[in-house]
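Following: one structure in structure tokens, then a few remarks.
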Amino acid sequence: MEGLTSNAVIRFSDVSKSYGSLLALNDVSFNVEEGEFVVIVGASGCGKSTMLNMIAGFDQPSNGRIEVQGKEHSGVNPQCGMVFQQYALFPWMTVEDNIAFGLKMKGQSKAERRQHAQEFIEMVGLRGFEKAYPKALSGGMRQRVAIARVLANSPSVMLFDEPFAALDAMTRQVLQEELVKIYEQQRKTILFITHSIDEALLLSSRIVVMSARPGRIVQDIQNDLPHPRNAEVQLSERYVELKRHIWGSVQAEVMRSIEGAA
Amino acid sequence: MRAEPAVRGASSAPPLPRRRGPIAGASKLIISLVSCILIIAVWEGAVRFGFIQPLFLPAPSQIVNRAMLMLEQGTLFGHVIASTWRVMVGFVLASCVAIPLGIFLGTSALSRAIFDPVLSFLRPLPSMSWIPLSLLWFGIGESQKYSIVFMGSFAPSLLYVMEATKGVDPLLVKAAQNLGAKQKDVMLEVILPASLPQIISGLKVMLGIAWTCVISAELVAAREGLGFLIMNGKEYFQTDTVVLGMVLISLTVMATDIVFRALERRILKWKD
Amino acid sequence: MNVFRRTVLAGLAATALFGGCMWPAVAAEVEVSKVSYGGSPWLSHYPVWVGIKKGLFAQHGLEVQWQSFSTGSARMSSLAIGEIDFGGTGSISAIALMASGAKAFYVIAAPDSYATVEGIITTPDINSVADLKGKKLGVPFATSSHVLALDVLEQAGLDPNKDVTLINLPSSDAPSALMAKQVDAVTTWTPAFNSLKAQPNTKVLLDAREFSLYKQFKLGPGPDLLVVNQSFADKNPKSTTAFLQGYFEASQFIKDNPDEAAKILMELTQLPMDEQSNVLKDIEWIGLADQQKMLSPDGTFTKGLQSLADFLVRHKQIDTAPRIDQWVKAELLP
């Protein structure tokens, strides 16, 4: 992975991040290739969210370089669209206006925006809810709007910060399946954070396991499970083997962080 | 006075779904109505049977008579309209300055540091204290009345708006920036609408303050208005005029509150 | 100022001692020896202030406590509920209180006349009352000046609601408003009247001698009244009479010793000596000898007040005219 690959969309070179005396991320180097679906797994406080925030430009590294599409960014980079765990929908806007927000920022006309937004409303299955306000939607529907809002803005990278953690199990499963579908359709580069090893195995093309604080990469695994990753795949030997493998290192890190805290 | 129960009833039964106590809507209305009638009856009786001298508190019927008399003379609505207009002009001007400035100050720590001393100085000043300066600056015309309402309600409004912007979820700002919003877009498209519910509830409080301002503004150099009505009534020991002025202020504030609430419901239909 | 204050204090101490010595001799004659008076720096209160400072009330066995009120209506409210026993008031306020039906007080004397220091002052371009048409006239509402303005406008055939814009302007704000040309004319009284008169670019259009009732009864637009709380007077007629005695001795003293009186009054009014002396020159003190005649039911003063009440009704300032003689009590006069 040592970075000369020409089509790396995201490139971390010796990135460290500290908040005061607290070292959150320690000397991380890794690349994300175009079209990859990378899921980052790790215990809480391992600096996963810090990584996403730095990619999106909300935060800057203390040391090292982060390049997105070959360029360093000093401010917020709309090319990296973020889906937040708490949806972050604008409650005063209808579904349609929420989805069209990025287009409005780009200066598109109202008619253009509406037409464009409609495409994504249909993609996430929200037809008929165009004029609804977020308060009228369930958690799952709200997260669909958030995903459509990022997609409509056509970023080159999509960042997911534990997007399904607040949803119930059924809804989560449906959304996971839909996300895989969207990924297959759109072939966006995706960086996805989760606590759940199962979620990582179901979604990813590659899994990165982070250590407890200070965050480092402890494992970087290509996920070669076949698609669609239905119940049969989830009961296969390869699935169980991968899960055990990842669980082993995650557990070690969790133990380490508990001991560290104690 | 006769209109009072009706208005009170209307304001206590808004069509919005609202958490109900153990007493349901209709019976609550009846209880309010009965208590209202009872209070007025006891009051009337106390004056009629000489327990209270009319000089100190006139009977409800005397206040109604005074209202009828002024209605005949055609002066009643003049006072209501004069005060309401002054409140509206001063209040709208104050809001028009306070909302954009408050959002700007609320989002910029530097400008807040610059303006904080001035604001801290202005905030505790009661509107009354501006009267001498306002007379020198604006004379004795209408603009002086507007200025009193403006000065009395501007600084508190600004603080309300600043406070409201502080309550905006930073995640929404993050999301907007992530979707390509610039500083100006963040203020107009995120901070303003997100803090609007709190701004509006702040403005509702401010409207009450604006009314106290207009009453003090009308103590000086006025020829009409509810504040003038009260003060002039006091000079002539017409306590019924004084109480009528008070009743009219109360009714007018209630009416504007109803209008404000309807407006709020329209603007904030996205709120749960 | 310090030296002055010290002499006043010394004088006070002396009168207190003096009064204290006198007291036992006459104390038996009055029902209560401590009475309170509501006043202000306005000229009708001068005799009470001087009487207290010179120990003139003490000679009649009375200790008078001075209470300050900034507005006449506050003073009258306080008198009506018996917080203070005696008070001085403008007649407009008194008539208004009578019209409200409250029989809470008696009129017991008519202290003064000051028709030459109340009037209308205008910018130089206004030459007659008729010229006020379409202009702004500042008047302190519900006062004698308000009545004067309504009266002279009526005499000139102008409608105060249509032809002229009357603006409620307290007497103290009149000078600045006229100088800043925020109004074209003001109706006001001394000392604002005197200070405006002394300014360049102003003109005295008329004074209160133009008031219709002055022409008829020698009564100003809002003559001052000395009033007493009704139940106090009913219970303490001797104290009331003693108060009146002290009062008229003091007003005689002011008439006879204007310089000394002015010195004593400076503390009350905060006016400089020369202005204080000038104010005193403009006041005509009505002596005890004339009171009985004026305050009788057919007296000029009682009749004049009745006409004033009718005038207020005609101008919709009060609802009904009270019968003034029911409130006037001349028999308590010494």
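Chains as they are written, first to last, in the working numbering: chain C, 1 to 262; chain R, 1001 to 1272; chain W, 2001 to 2334.
For every residue, glycine included, the Cβ atom is placed at its ideal position computed from N, Cα and C.
The beta carbons of Val2035 (chain W) and Ser2239 (chain W) sit closer together than 8 angstroms. Residue burial is scored here from C-beta neighbours: Phe1154 (chain R) has at least 16 other C-beta atoms within 10 angstroms and is therefore classed as buried. In the three-state DSSP reduction, Cys46 (chain C) falls in the coil class, being neither helix nor strand.
When C-alpha distances from Gly2038 (chain W) are compared across W:Asn2236, W:Ser2100, W:Glu2083, W:Leu2137, the shortest belongs to W:Glu2083. Using beta-carbon distances, Gln2182 (chain W) counts as an interface residue toward chain R, with a partner under 8 angstroms. In summary, Glu1235 (chain R) is buried, with 16 or more beta-carbon neighbours lying within 10 Å of its beta-carbon over all protein chains present. Scanning chain R for C-beta atoms nearer than 8 angstroms to the C-beta of Lys106 (chain C) yields Gly1180, reported in chain order. For Met1254 (chain R), the closest of R:Gly1227, R:Ser1147, R:Ile1063, R:Trp1211 by C-alpha to C-alpha distance is R:Trp1211. For the region 56-89 of chain C, the set of positions with a beta-carbon nearer than 7 angstroms to some beta-carbon of chain R reads Ala56, Phe58, Val76, Pro78, Gly81, Met82, Phe84, Gln86, Ala88 in chain order. Counting every other CB atom within 10 Å of its CB across the protein chains shown gives Ala1041 (chain R) a total below 16, marking it as exposed. Secondary structure within the region 2214-2290 of chain W: the beta strand (DSSP E) runs of 3 or more consecutive residues, fully enclosed, are 2224-2229 (chain order). Secondary structure note for Trp2327 (chain W): it is in no beta strand (DSSP E), with a DSSP letter that is neither H nor E. Per DSSP, reduced to three states, the secondary structure at Gly102 (chain C) is helical.
Counting along the chain, the unbroken beta strand (DSSP E) around Met158 (chain C) starts and ends at 157-161. In this structure Thr2300 (chain W) touches Leu2219 (chain W) by the C-beta definition: roughly 7 angstroms separates them, less than 8 angstroms.
Contact note: Leu1033 (chain R) does not reach chain W at a C-beta cutoff of 8 angstroms; the least C-beta distance is about 32 angstroms. Look at Gly139 (chain C): its C-beta is not under 8 angstroms from any C-beta on chain R. Ile197 (chain C) is not a Cβ neighbour of Val208 (chain C), given a cutoff of 8 angstroms. Considering only beta carbons, the part of the region 2166-2197 of chain W lying closer than 8 angstroms to chain R consists of Leu2166, Ile2167, Asn2168, Leu2169, Pro2170, Asp2173, Ser2176, Ala2177, Ala2180, Gln2182, Val2183, in chain order. Annotation: the continuous beta strand (DSSP E) that includes Lys17 (chain C) extends over 8-19. Counting only runs that start and end inside the region 72-122 of chain C, the alpha helix (DSSP H) elements of at least 4 residues fall at 95-99, 101-105. The C-beta distance from Leu1226 (chain R) to Gly1245 (chain R) rounds to 5 angstroms, short enough to fall under 8 angstroms. Rounded to whole angstroms, the gap between the alpha carbons of Met170 (chain C) and Glu199 (chain C) is 13 angstroms. Taking 8 angstroms as the cut-off, the Cβ atoms of Leu2244 (chain W) and Leu2333 (chain W) count as close. Per DSSP, reduced to three states, the secondary structure at Gln2182 (chain W) is coil, with no helix or strand assignment. In the DSSP secondary-structure assignment, Leu22 (chain C) is bridged to C:Tyr19. A straight line joining the alpha-carbon of Leu225 (chain C) with that of Arg206 (chain C) spans about 10 angstroms. The beta carbon of Pro2170 (chain W) is closer than 6 angstroms to those of Pro2140 in its chain, skipping five residues each way along the sequence. Proximity to Lys2054 (chain W) across W:Met2294, W:Gln2252, W:Phe2086 peaks at W:Gln2252, based on C-alpha coordinates.
Taking C-beta separations shorter than 7 angstroms and ignoring five residues to either side along the sequence, the partners of Thr1084 (chain R) in its chain run Thr1252, following chain order. According to DSSP, Ser2036 (chain W) shares a beta bridge with W:Gln2065. DSSP places Tyr1160 (chain R) in the uninterrupted alpha helix (DSSP H) bounded by 1142-1166. Interface criterion not met: the Cβ of Pro1100 (chain R) is under 8 angstroms from no Cβ in chain C. Taking all protein chains in view, the Cβ of Ala231 (chain C) is surrounded by fewer than 16 other Cβ atoms within 10 Å, so the residue is classified as exposed. Between Ile147 (chain C) and Val83 (chain C), the C-beta gap is smaller than 8 angstroms, which places the two residues in contact.
Rounded to the nearest whole angstrom, the C-alpha separation of Ala2250 (chain W) and Gln1144 (chain R) is 45 angstroms.
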